[in-house]
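Protein chains in written order, with the working numbering: chain A, 1 to 196; chain B, 1001 to 1196.
See the structure below:
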């Protein structure tokens, strides 16, 4: 496991965004000791709510969490591979809402890929969600099993940020790692109008 | 062109969301007469801003537009086909921010597909952006060419909502039209946890 290098106590909010269940976890980091503050999920399963209403609820309830726990920094998981487009689109909306909840409270979220999160917590980028939960529980001394894996996932994101020393990480995409495709990915990002 | 059937003056805000340029257009609709109130774009091209900062700016500036123009209803374009995944993800974030700007002002956005918008304004679902601009200019008596097509696109969304009588439209996805795939698309939407 990587060593944590924060020099002062740091309160980190980790978010595992979703449009159905959105996990959040808050930890206090002091040197190499991590302490659980709070964790849970925002459930949005009510079918009576429209999609914009659900987004609004993600925003309002995350904002409430931030106001209650007053984190110093906020970390989000990027969740865009291996899912179908419909899911990706819904998730991206929810991530937008989560990002705004942070920004509206003066927190600029840092992002980690699922692989970075898993590797930080379990030492293996392809670890299962159950393995992540197991390690999160071990690290933070949690004894109960939360009903949703999203809650421990969010804690894993917070732990990942702690283990990165609380500094914004360089996210390497597949394209960036593959060198040649990097320029193209960057070009697309900077000139989306050219590929319409 | 479909007949408009609103019975009282209605102020409609149309939004063409984007993470680089976000168009907005406000019109007043009274019976079959449509009058331009305001239109323009939110430019977000500054490379110095991070993505969350740009999202926040979409949110803040759209909220300012809503507070200034006080629309009765808000219409958004769904923009998710024929683009690559990176673009879709960015757009979906921006749409989430736009939706929240509406929701935070008590407006629940209604959604139209690009095809519905184009068909409403030009009579043809596959019309070009230039053709849409031409028709929007003709309908609203606009003489100047705006620098961005996104501005007239946003007005087209507002006009589309006006021509639908100001009522929330039934959005038909490809899957829904194809019948058999409808059940599956709906199932995925309602049970995203099953396909993880």
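All residues carry an ideal CB built from backbone N, CA and C; glycine is no exception.
| Query | Result |
| --- | --- |
| Ignore the nearest five residues each way along the sequence and tell me which others in residue 10 of chain A's own chain have a CB closer than 8 Å to its CB. | 28, 29, 30, 72, 73, 162 and 166 |
| Quick one: is residue 1024 of chain B near chain A, going by C-beta distance under 8 Å? | no |
| Are the CB atoms of residue 1136 of chain B and residue 1107 of chain B nearer to each other than 8 Å? | no |
| Rounded to whole angstroms, how far is the Cβ of residue 1139 of chain B from the Cβ of residue 1034 of chain B, which I believe are closer than 8 Å? | 6 Å |
| State the DSSP-derived secondary structure class of residue 1193 of chain B, mapped to helix, strand or coil. | helix |
| Please determine, among B:1193, B:1151, B:1100 and B:1147, the residue with the shortest C-alpha to C-alpha distance to residue 129 of chain A. | B:1193 |
| Cα separation between residue 173 of chain A and residue 114 of chain A? | Model confidence at residue 173 of chain A stands at a pLDDT of 49, short of 50, so the residue's coordinates are unreliable and nothing is read from them. |
| Terminal residues of the continuous alpha helix (DSSP H) containing residue 159 of chain A? | 149-163 |
| Quick check on the burial criterion: 16 or more other C-beta atoms within 10 angstroms. Buried or exposed for residue 1016 of chain B? | buried |
| Run through the stretch 3-88 of chain A for me and flag every whole alpha helix (DSSP H) of 4 or more residues, listed as ranges in chain order. | 51-69 |
| Tell me where the alpha helix (DSSP H) around residue 130 of chain A begins and ends. | 129-140 |
| Does residue 111 of chain A come out as helix, strand or coil in the three-state DSSP assignment? | strand |
| Output yes if chain A places a C-beta closer than 8 Å to the C-beta of residue 1169 of chain B; else output no. | Unreliable positioning characterises residue 1169 of chain B in this predicted model, as indicated by a pLDDT of 47, which lies under 50. The coordinate reading is nonetheless provided below. So no, residue 1169 of chain B is outside the interface. |
| Can you tell me whether DSSP reads residue 143 of chain A as helix, strand or coil? | coil |
| For residue 113 of chain A, which residues in chain B fall below 9 Å Cβ to Cβ? | Ordered by position in chain B, no residue passes the 9 Å Cβ test against residue 113 of chain A, which lies about 13 Å from the chain. |
| Look at the alpha carbon of residue 121 of chain A and the alpha carbon of residue 1090 of chain B, and state the distance between them as a whole number of angstroms. | 28 Å |
| Any C-beta of chain B sitting closer than 8 Å to the C-beta of residue 67 of chain A? | no |
| Considering Cα atoms alone, identify which of A:60, A:66, A:50 and A:53 is closest to residue 37 of chain A. | A:66 |
| What is the DSSP secondary structure of residue 119 of chain A, counted as helix, strand or coil? | helix |
| Who are the near neighbours of residue 156 of chain A in its chain, counting only those whose CB is closer than 6 Å to its CB and skipping five residues on each side? | 117, 121, 132 and 136 |
| Keeping to the same chain, check which residues put their C-beta closer than 8 Å to that of residue 1062 of chain B; ignore five residues upstream and five downstream. | 1015, 1022, 1024, 1042, 1097, 1098, 1101 and 1102 |
| Expressed to the nearest angstrom, what Euclidean distance is found between the alpha-carbon atoms of residue 1206 of chain B and residue 1191 of chain B? | No answer is possible for residue 1206 of chain B: the residues shown for chain B start at 1001 and end at 1196. |
| In whole angstroms, what separates the C-alpha of residue 209 of chain A from that of residue 1124 of chain B? | Here chain A has residues from 1 to 196 only, and residue 209 of chain A is not among them. |
| Please state the DSSP three-state secondary structure of residue 90 of chain A. | helix |
| Rounding to the nearest angstrom, what Cα-Cα distance links residue 150 of chain A and residue 1026 of chain B in this structure? | 40 Å |
| According to DSSP, simplified to helix, strand and coil, what is residue 96 of chain A? | helix |
| Residue 44 of chain A to residue 1164 of chain B, Cα distance in whole Å? | 30 Å |
| Does any C-beta atom of chain B lie closer than 8 Å to the C-beta of residue 9 of chain A? | no |
| Roughly how far, in whole angstroms, is the beta-carbon of residue 52 of chain A from the beta-carbon of residue 1052 of chain B, given that I think they are within contact range, below 8 Å? | Contact doesn't hold; Cβ gap of about 20 Å is too wide. |
| What number of angstroms, rounded off, separates the C-alpha of residue 169 of chain A from the C-alpha of residue 1040 of chain B? | In this prediction, residue 169 of chain A has a pLDDT of 47, which is less than 50 and means its spatial position is unreliable; what the coordinates show is noted afterwards. C-alpha separation (whole angstroms): 36 Å. |
| Does residue 1020 of chain B come within less than 8 Å of chain A when only Cβ atoms are used? | yes |
| Please compile the residues from chain B whose C-beta is within a distance smaller than 7 Å of the C-beta of residue 50 of chain A. | 1108 |
| Between which residues of its own chain and residue 13 of chain A is the CB-CB distance below 6 Å, once the five residues before and five after are set aside? | 26, 71 and 74 |
| For residue 198 of chain A, count neighbouring C-beta atoms within 10 Å of its own C-beta (all shown protein chains included) and say buried if the count is 16 or more, exposed if not. | The structure shown does not extend to residue 198 of chain A, since chain A is modelled only from 1 through 196, so no value can be given for it. |
| Within 8 Å of any Cβ in chain B, is that where the Cβ of residue 231 of chain A sits? | This structure cannot settle anything about residue 231 of chain A, because the visible part of chain A is limited to 1 through 196. |
| I'd like to know whether the C-beta of residue 152 of chain A is nearer than 8 Å to at least one C-beta of chain B. | no |
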